[in-house]
Amino acid sequence: MLGGHSLTRAALAAVLAASSFSTAVQGLFPDEAGRIDWYRAQIGVPKSIVAHTQEDRTTNILAITDRNVLASLKPDSGEIAWRQIFDPTERINALKVRGSLALTHSGGSEAHVRVWDAQSGALAWGFSQPPSPSYKANSGAAEFLRKSQDVLAVVGDSLVRLSPNPSKPVWELALNGTASYKRLVVQESVAFVIGDAVRTKRQPKPRLHVIEVSLKTGLVKQQYDVGTEQALGRSSNVVVESNEYGGYIVWRDDKNIVWNVHRLGMQEPMWDIYHAKLVQSELMPVDMLTSTLGELDADPGLIADKPRFTLTYTKDTKVKTIVIEMTHAKDKLELRKVVGFRSDSAIVAGSGGATLPSSGASQTERAVVAVRTSGDISWRTYANSKTPTHSGEFAYDTATYGPVTAATLYYAGSEPRVLIQTSGGLVAALAPGSNAPVWFRDESLAHATDMTFLELPAPASSAEHAAKATDPSILASPMSRYVLRWVETAKSLAAWPASGFGLFGGASSDAEPGSSSQSTLEALVPTTPLTEGDHFGFRKLSIFGTSTGVVAALSSQSGARSWTHYLADNGTAVAIDRVFISRRSQPLANTASLLTVVGRTGHGNAVVATLDALTGELLGDIHVLPFKKVKAFELPTTESATEQQLLGLATTGSEPRLAIWPATADAAKAFCALPEPVFFDLGASSGSSQLRGYRAECPAEAELDAWKESSAFSTSRSWTFDLPKGEVLLAASEYRGAQTTALLGRVLGDRSVLYKYINPHLVTLASRRDAGGIGIYFVDRVSGRLLYSAVHETASASDKQPFLATQSENRVIYQFWQESGSVEGAQPRSKGYVTVVAEMFESDKPDTRDESKAFSSFDLSLPHVITTAFMAPEPATALGVTRTGSQITTRDVLFGLSSGKLLSLPDQMFDPRRPKKAPTKDEQAEGLMPYMPSLPLDPKRVLSHGNVVFGIAHIKSAPTHLESTSLVASYGLDLFFTHTSPSGTFDQLSPSFSKVNLVVTTLALVIGCLLGGPMVRRKLTNQAWA
Amino acid sequence: MASGNKVYADFTSLVGKPSRGSKSVVDPLGYDQAIASGSVSSMSLAHGKTDEEGDMALRAKKAWEVAMGPGKTLPMQAFMAWMSGTGVSIFSILITGMILMTPVKTIMSTKQTFAPLERAGKSAKKLDLTMQKAAFVAINIAGLIFGVYRLSLMGLLPTASSDWLSFIPAKQYMEFSA
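Right, here's the structure in full:
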């Protein structure tokens, strides 16, 4: 009896244990966990990096970037420790670091000085100076005082001394607009303010102006001009400073071979004259004439023991750089060569200083780093002799991110790390002896100007792929396609037992590395380009063009880089404006997809390059065209030989011309064979007051035959749209991409139809009115006709509250800031962001339609516009709309919010027909929601959920093969990609759908039929005999 | 044994002529053997003619009743339709289906419905029921129209422009602009 009990217990325990084990080993695959998005936080291309090791051996890497971000990077991984994103209108001018504090100076006439805790990124204190009328452009500097937490800053047109938590400055000195002050040299009791002096009639030459100020009182001790023909930042002068020996300005006069060294504050003699011989260099007078001077440190005040600068010269076609140190011996200045080395092929010599912790006591080592810019990356650090202290080398292809442009040195323990920056936007940390970066950041995408999706070829298991291998005609009929699919499925089923019944790694087919975290694991150069899509079209290539010259292709599903290519012309990065997929590879053809990139050179000339969209390989050369372009767009025709889609490039000038790409006779003929005339508009840029329409004209046949790159079609001005007097253009918006419409009208509750007015030529213009408010104009781009206009008298448009608009189908949605109206009597009921929706119909009466089969902009019909307005919950930085394959699914309107959210609101919410009173029966039948004045910020509708996506400037959407689902990409500073189903996933089985149940049920039914059949037959026979 | 305490009539005492077999069956009341066997005189024939006329009139009357029959169900159907509402639901669809199908089926079976009334026997004279049939069909058509009206009430008839919206081709654009 007892034995029986214990046996049962043992069995129970065994079952329990087994069940607990079975749950313990369960795990989720990324897709099961709902991982449908990826996010990448970015900072932008740094313009200044200050790396500083404190006495407690913690290293801070602080950077200010071209995207107006102040960021701190973790020295061992490159991840963002913290970042502060400044308003785009408030440019960060300077970054200084002292101990655990960082100081920034930002803004222009209205200047801001902020002190941050370098460890946490918290704002310690800040000071703002109101705008000053006598402010000189580019004026502004800030510096910590020595042995004090006080800050000296040039703000607006004043020099101020600030102490922590200032309500007002300790003292303020008016600078009276005498110069554009950019540099401060702080000493024990005095400070020098250096700037480019204002040119006057008496002194028309550029020169530097120096003011010596007492730090205690803020009184001017003396001020004078020095360095004729010099301006700060030129390579013919350098400002060096040291704690011990004071500050200096060193310059070389134009066409002169000697250096003038001016010690700040010295008046008699004004400067000393030095010769290169003093630094034991072999400079001949001729070499001296082309020599340049350079500063070494990003933050010279940080480690100012002995001032240093560089001299670079060319001797016998060899470029050499020497680092010069200034010392004083018995009140006499001495220049000493620290190290000199060959710096051929434009080596960048950067320097970094670090408090190097060794044997307990801190000591400072000042090293110089030299990085080769062309070919593979190779670097050396030098301390005090020609022999390098550390070196490193690794294979790097400049075609991926461009040549190295800057370097900084910092220390991890006692080992140096070299932080390099390339012109494409790569930031990488290198360690001695390592053949790969310790970490890297691809910051080029923070400068993305355009993005396009490329459909990837069908996967190997797809019917298309199978048909391509066997018989392409199978794809012709749906039935044979279906059979083919079964055959392929059966084949893969045969391989199923071999794969361990899909138990091992089946679902993790997308083995790309997730890049939501910092890509320390990713290879710098992607080794496996993404060449295959998935069955549902979720995996596409998102190809970015950036202003730093990088074209980058990323997986839309995981964000993993597939390839990058750096485009440069004569050593300058091509600023890419647009990227076009100019040829899509057909599923069964062997032609590659082509990507055409349109950009501009440093001189502004148009540049066109064609790349293989799948591999990133540059096909042919980069074509620099002999004109400047203002606009690039796709034309609805292809070149017959290459099947490449034609691009139109409108040139600048009073008589603009239209160039085409590819610039061949074939393409020109294809253009002239277009059935419809081609119109384009110019002048739709901010600040303009006129929009002009042009029509391209085809020349004679002979001219087409002789078509070349410099050829272009002449145009005739077909219309001019002048904004009313006292108005300037604020923003313009147009349709993006081809518009697909599932239904041409809107079905009302009584089953009548309001027909949509869909005009692909519609341009929405917003103007700033001198009288206050914003004017809205809907203009037809072909005829120049005004289709609709509105005035929002209470609106205000400033740089801080931009105007945003998006157009989709027959709707225009725009957002602006509403404040107390400047027009009398026009008081808004509320202050805030207003979203206006304008929906266009062919007529105000239902069932009334223009019956013609063709739409011409020259027809006299005008749209009937219904509008309504909503209060937006938060300021937006970008607007977008989801797109699906056939647009049967309802759309979602996407808002990139300045708080870093990507919000998606249903289209129905923006219906201008939403009833403002109790809805009638018809309105109810139509499914109209009653009007609510404010748009909800529903956390469930935030697509970016926990991710903070800062600086969304563009929102793009692409359809997948599933009608319910569309891909959504948002970029600007950060990147965030996801997919969304505005009407629910109606064409997908839910994850809880049990296929096993379905199969078992079907099998059970079949077995039931087989078993039951004979029984029923026997019964029927017996019945017949009865 | 059969007697017991039950009451029974023994007609053997009334009719002396036994029929074949040992058991004799009594003719039902009103049964005339002579007329049945046709061994009656011309007098009886004349009497038969008037009888046939009456019968035809009777059948015509009956046919009118049959023809009007569906009309009586119409109010009932209308009531059911009203009760089920104009929403598209399983009940309203079933009822509308019934309303629509019944007249169609009935019209199809017009011939069979009137066949027994048209000709009493194989030799009997054919009765002209055209008017009745026409009325019958007309009433059923009215029922059908009611069904169709109900369909339109339910919004199931493609009469509105919205029903044809998907078939409207998109407009061709005469110009290209960018």
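Chain order of the listed sequences is A and B.
Residue 905 in this note's numbering sits at position 905 of the first sequence; the count goes up by one each step and never skips.
Residue 10088 in this note's numbering sits at position 88 of the second sequence; the count goes up by one each step and never skips.
Ideal placement from N, C-alpha and C gives every residue a C-beta, glycine not left out.
Bear in mind the structure is a predicted one, so any value in this text is a computation, not a measurement.
Determine the contact status of residue i and residue j, defining contact as a CB-CB distance below 8 Å.
i, j, result
"Leu894 (chain A)", "Val881 (chain A)", "yes"
"Pro1028 (chain A)", "Pro930 (chain A)", "In the structure as shown, chain A starts at 1 and stops at 1026, and residue 1028 (chain A) therefore has no counterpart that could be examined."
"Arg781 (chain A)", "Glu727 (chain A)", "no"
"Gly392 (chain A)", "Leu430 (chain A)", "yes"
"Thr564 (chain A)", "Gly604 (chain A)", "no"
"Glu212 (chain A)", "Gly265 (chain A)", "yes"
"Leu10100 (chain B)", "Gly10155 (chain B)", "no"
"Gly896 (chain A)", "Ala876 (chain A)", "yes"
"Ser291 (chain A)", "Thr321 (chain A)", "no"
"Thr835 (chain A)", "Gln807 (chain A)", "no"
"Leu729 (chain A)", "Leu787 (chain A)", "no"
"Asp450 (chain A)", "Arg561 (chain A)", "no"
"Leu989 (chain A)", "Phe536 (chain A)", "no"
"Ser385 (chain A)", "Thr405 (chain A)", "no"
"Thr10102 (chain B)", "Gly10069 (chain B)", "no"
"Arg657 (chain A)", "Ala712 (chain A)", "yes"
"Leu998 (chain A)", "His979 (chain A)", "no"
"Tyr274 (chain A)", "Leu335 (chain A)", "yes"
"Gln149 (chain A)", "Ser100 (chain A)", "no"
"Leu902 (chain A)", "Val942 (chain A)", "yes"
Please report the Cβ distance between residue i and residue j, rounded to the nearest whole angstrom; I am assuming they are in contact, meaning their Cβ atoms lie under 8 Å.
i, j, result
"Phe580 (chain A)", "Leu682 (chain A)", "About 20 Å; that fails the 8 Å criterion."
"Trp379 (chain A)", "Ala370 (chain A)", "6 Å"
"Phe671 (chain A)", "Tyr694 (chain A)", "Going by Cβ atoms, the distance from Phe671 (chain A) to Tyr694 (chain A) rounds to 15 Å, so no, they are not a contact pair."
"Gly425 (chain A)", "Val45 (chain A)", "5 Å"
"His105 (chain A)", "Val115 (chain A)", "About 11 Å separates the two Cβ atoms, so there is no contact after all."
Starting from residue i, trace the alpha helix (DSSP H) both ways and give me its first and last residue.
i, result
"Arg1018 (chain A)", "Lys995 to Trp1025"
"Asn10140 (chain B)", "Thr10130 to Leu10153"
"Gly10097 (chain B)", "Ile10090 to Met10108"
"Tyr833 (chain A)", "Here Tyr833 (chain A) belongs to no alpha helix (DSSP H); instead the beta strand (DSSP E) covers Gly832 to Phe841."
"Gln690 (chain A)", "Looking at the DSSP string, Gln690 (chain A) is not in any alpha helix (DSSP H); the run it does join, the beta strand (DSSP E), is Gln690 to Ala696."
"Ala925 (chain A)", "Lys921 to Glu926"
"Thr398 (chain A)", "Thr398 to Tyr401"
The beta strand (DSSP E) spanning residue i covers which residue range?
i, result
"Glu325 (chain A)", "Lys318 to Ala329"
"Lys337 (chain A)", "Lys332 to Arg342"
"Tyr135 (chain A)", "Unbroken run through Tyr135 (chain A): none, as it is neither H nor E."
"Lys708 (chain A)", "Neither: Lys708 (chain A) is in no beta strand (DSSP E) and is coded neither H nor E."
"Gln645 (chain A)", "Gln645 to Thr651"
"Ser767 (chain A)", "Leu762 to Arg769"
"Ile85 (chain A)", "Ile80 to Ile85"
"Lys956 (chain A)", "Ile952 to Pro959"
"Thr715 (chain A)", "Thr715 to Asp722"
"Met451 (chain A)", "Ala448 to Glu455"
* Are at least three pairs of beta-carbons, each pair with one atom in the stretch 966 to 975 of chain A and one in the stretch 944 to 951 of chain A, less than 8 Å apart? -> Touching, per the Cβ criterion.
* Along the chain, which unbroken stretches of the beta strand (DSSP E) at least 3 residues long are found entirely within the stretch 203 to 246 of chain A? -> Note on the stretch 203 to 246 of chain A: whole beta strand (DSSP E) runs with a minimum of 3 residues are 208 to 214, 220 to 226 and 237 to 242, in chain order.
* Inspect the CB distances between the stretch 741 to 751 of chain A and the stretch 673 to 690 of chain A and report whether three or more fall short of 8 Å. => Touching, no.
* Are there three or more Cβ pairs, one per stretch, closer than 8 Å when the stretch 169 to 182 of chain A is compared with the stretch 191 to 198 of chain A? -> Inter-segment contact for the stretch 169 to 182 of chain A and the stretch 191 to 198 of chain A is present: three or more beta-carbon pairs are separated by less than 8 Å.
* Cβ contact (3+ pairs, closer than 8 Å) linking the stretch 93 to 111 of chain A and the stretch 57 to 74 of chain A -> Per the Cβ contact rule, the stretch 93 to 111 of chain A is in contact with the stretch 57 to 74 of chain A (3 or more Cβ pairs under 8 Å).
* Asked: Below 8 Å, can you find three or more Cβ-Cβ pairs linking the stretch 659 to 677 of chain A to the stretch 840 to 853 of chain A?
  -> No: fewer than three Cβ pairs fall under 8 Å.
* Asked: Three or more C-beta pairs closer than 8 Å, one from the stretch 698 to 708 of chain A and one from the stretch 836 to 847 of chain A: is that the case here?
  -> Too few Cβ pairs lie closer than 8 Å, so no.
* To do: Determine, using beta-carbon pairs with one atom in the stretch 977 to 994 of chain A and one in the stretch 439 to 457 of chain A, whether at least three such pairs fall under 8 Å.
  => No, the stretch 977 to 994 of chain A does not touch the stretch 439 to 457 of chain A.
* Asked: Curious, which full-length beta strand (DSSP E) runs of at least 3 residues does the stretch 829 to 916 of chain A contain?
  -> The qualifying runs are 832 to 841, 864 to 871, 876 to 881, 892 to 897 and 902 to 906.
* Asked: Would you say the stretch 10151 to 10167 of chain B touches the stretch 657 to 671 of chain A, given that touching needs at least three Cβ pairs under 8 Å?
  -> No, the stretch 10151 to 10167 of chain B does not touch the stretch 657 to 671 of chain A.
* Asked: Three or more beta-carbon pairs under 8 Å between the stretch 77 to 86 of chain A and the stretch 35 to 43 of chain A, yes or no?
  -> Yes, the stretch 77 to 86 of chain A touches the stretch 35 to 43 of chain A.
* Asked: With a cut-off of 8 Å, do at least 3 Cβ pairs link the stretch 524 to 539 of chain A to the stretch 567 to 587 of chain A?
  -> No: fewer than three Cβ pairs fall under 8 Å.
* Asked: Which parts of the stretch 563 to 619 of chain A are runs of the beta strand (DSSP E), unbroken and 3 residues or longer, counting only runs that do not cross its ends?
  -> For the beta strand (DSSP E) assignment, the uninterrupted runs of no fewer than 3 residues enclosed by the stretch 563 to 619 of chain A are, from N- to C-terminal side, 575 to 583, 594 to 600 and 606 to 612.
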